[in-house]
Amino acid sequence: MGGFALLLVRTTGWRRAAMLGWMFGIGHFMLGNAWIATAFTYQANMPAVLGWFAVPLLALYLALFPALAAGAARALAGRVALPLAFAGCWTLSEWLRGWLFTGYPWNPFGIVLLGPFDGPGLAAIAPWMGTYALSGLAVLIGGLLAAALASRRWLPLALASVLLAAGMYLPAGAGASGKTPFTLVQPDIRQEQLDDPRYFEDAFRKTAELGAARVPGERRLLLWPESGVPDYLEDGYPQRYYSATTAFADPVLARRRIGLVIGPGTTLLTGAVDLEVADDHAVGAYNVVTALDADGAIVGSYAKAHLVPYGEYLPLRWLLEPLGATRLVPGALDFLPGPGPQTIDLGPLGKAGVQICYEIVFSGSVVDAAHRPDYIFNPSNDGWFGPSGPPQHLAQARLRAIEEGLPILRATTTGISAVIDARGVVRDHIGRLQAGRMDGMIPPAAPPTLFARAGNLLALAWAVLFLLSGLVVSRRRAR
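Each step along the sequence shown adds one to the number in the UniProt record's numbering, with nothing skipped, and position 357 is 357.
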């Protein structure tokens, strides 16, 4: 970013600046989204080579947002100090990227300020800014460095250095212990096995054995990943929709079996799938988390609201399907969106917020503010994401924990599973392509943060503040 900002400082004209921003964005988003190409190798409906075309095409679109930020900042530069103009415009463009056409906020630039697992770094200030404004701050630091190099003035360099140093040395402190016991399972079921009925029983047994209670009858929350159950758990669908070839052909018996497996005292949160049925025909599906007690009774559920375009549903299906396009997740039915963030009350095990997989990357959209949870459960199947996607996904989950002041528990099929406290510190994790479990107490929630109360209005307010500050600085220089 420092090099990009330096070029922007030396560029004249908003058109050249916008082109520079677009070129930067293409490189940035091609590298950051390279994992998408891997997802195409796990389906047979479309040639896998299309993945290597999908990545640059997506980058060409996403790069429009840095182009917009750079062009607008350069256009304002005569009246607003350029580093602050760039910070404000970048904040607005990232918010727009996370909202337009249902949004794609993957890899916000502010993630570069996130510290290692044992500390939040400069991202510790996200509760007072939000992720999009944190990105603006990262851009401001780069802009100050560029201004210092271009003008050979020491003040911008000193300010940038102080900000960076503050981030490096912000202490995380000792984390408090919680009171809710949990077991989190990562079964390491590979993507090529998840959708193959021949592996359903083995996958279920492996997951169940990993999560078995070590003390009979202990009260605990058991967490399985997305795709944790290989069939429908709700009864009442036409029988032809249940897998007759598996032990889950009868959903009532399947739930009882799960209840016996998890044992008394345990409540399970697991990924599953529900159907939308009309006139005795399935018209869509829901990617859900289902809560089951030891009797096999469903005590709560949540349906994913932010779906992955071309992954879980095919936009413009009526147009694209005749051309041979399909979605990456196998199946003829598109997934349908749920109503949005919800909190599941699990009694003595606390109030669970749920965000499934990709949903966790949407800043300001992960919590039911009217029913604030005690923690967020984020089940995911990151087997689609190759080696580069899971670390990015985990980093974005850490930003949500910091913003909202809530612990997040990530249970994934192949990694990286993690327990993240309300400061964004990773308390424990299981690496990629490993099977294992984590046991402990869920870290406590912090009091509602400023961001938890204001949401992305806070980030937009910071964008305005950046721009107004730049206006003041520019006028003082003019004197």
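Cβ atoms here follow ideal geometry from the backbone N, Cα and C, with glycine treated the same way.
To which residues of the same chain is tryptophan 128 closer than 6 Å at the C-beta, ignoring the five residues directly before and after it?
-> Leu450
With distances taken Cα to Cα, identify the nearest neighbour of isoleucine 442 among Ile376, Leu122 and Pro264.
-> Ile376
Alanine 397: CB within 7 Å of a non-hydrogen atom of the ligand PLP = For the ligand PLP, the structure offers nothing, since it holds no ligand at all.
From Pro197, Ala54, Pro238 and Gly338, residue whose alpha carbon lies closest to that of serine 227 | Pro197
Can you tell me the Cβ-Cβ gap for leucine 114 and alanine 445, rounded? I've got them flagged as a contact below 8 Å.
-> The pair is not a contact, with the Cβ atoms about 20 Å apart (cut-off 8 Å).
In this structure, does DSSP put glycine 375 in helix, strand or coil?
-> Note that residue 375 corresponds to tyrosine in the displayed sequence, not to glycine. Tyrosine 375: strand per DSSP, three-state reduction.
So is phenylalanine 101 buried or exposed if we call it buried at 16+ other beta carbons inside 10 Å?
-> exposed
Considering only the beta carbon of each residue, do proline 379 and valine 289 sit closer than 8 Å?
-> yes
Can you have a look at tryptophan 52 and say buried or exposed, based on whether 16 or more other CB atoms are within 10 angstroms of its CB?
-> exposed
According to the neighbour-count rule (16 or more other Cβ atoms, all chains shown, within 10 Å of its Cβ), is alanine 370 buried or exposed?
-> exposed
Please report how far the alpha carbon of tryptophan 384 lies from the alpha carbon of threonine 12, in whole angstroms.
-> 43 Å
Looking at C-alpha atoms only, which residue of Pro391, Arg205 and Pro337 is the closest neighbour of valine 273?
-> Pro337
Can the beta-carbon of alanine 63 be found closer than 8 Å to that of isoleucine 26?
-> yes
Nearest to leucine 92 by CA position, among Val464, Gly470 and Val473, is which residue?
-> Val464
Taking residue 522 as part of the beta strand (DSSP E), name the residues at either end of that continuous run.
-> Missing from the structure shown is residue 522; the chain here goes from 1 to 479 and no further.
Pull up the DSSP beta-bridge partners for tyrosine 302, would you.
-> Val289
Proximity below 8 Å, CB of alanine 435 to CB of glutamate 404 | no
Counting Cβ pairs, one atom from each stretch, are 3 or more of them under 8 Å apart for the segment 457-471 and the segment 196-215?
-> no
Beta bridge counterpart(s) of threonine 343 as assigned by DSSP | Gly353
Quick one, are the C-beta atoms of phenylalanine 335 and tyrosine 302 less than 8 Å apart?
-> no
From the DSSP output, read off the bridge partner residues of serine 380.
-> Thr412
DSSP beta-bridge partners of valine 277 = Ala282
With 16 other CB atoms within 10 Å as the buried threshold, where does glutamate 218 fall?
-> exposed
Over the uninterrupted alpha helix (DSSP H) stretch that includes threonine 11, give me the two end residues.
-> From DSSP, threonine 11 is part of no alpha helix (DSSP H); its letter is neither H nor E.
Note the first and the last residue of the continuous alpha helix (DSSP H) segment covering isoleucine 36.
-> 35-39
If glycine 71 and tryptophan 14 are in contact, beta carbons under 8 Å, what's the gap, nearest whole angstrom?
-> 5 Å
Would you mind listing the beta strand (DSSP E) stretches within the segment 218-247 that are 3+ residues and don't spill past its ends, in chain order?
-> 220-223
Name the DSSP beta bridge partners of alanine 272, please?
-> Val288
Among Leu50, Ile420, Gly259 and Ile416, which residue has its Cα nearest to the Cα of arginine 432?
-> Ile416
Are the beta-carbon atoms of leucine 194 and threonine 413 separated by less than 8 Å?
-> yes
Run through DSSP, which three-state label would phenylalanine 335 get?
-> strand
Range of the contiguous beta strand (DSSP E) that encloses isoleucine 430 = 426-430
Status (buried if at least 16 other CB within 10 Å, exposed otherwise) for serine 177 = exposed
First through last residue of the beta strand (DSSP E) which encompasses arginine 453 = Here arginine 453 belongs to no beta strand (DSSP E); instead the alpha helix (DSSP H) covers 450-454.
Is histidine 429 closer than 8 Å to alanine 418 when the C-beta atoms are compared?
-> yes
Host beta strand (DSSP E) of threonine 180 (start-end) | 180-186
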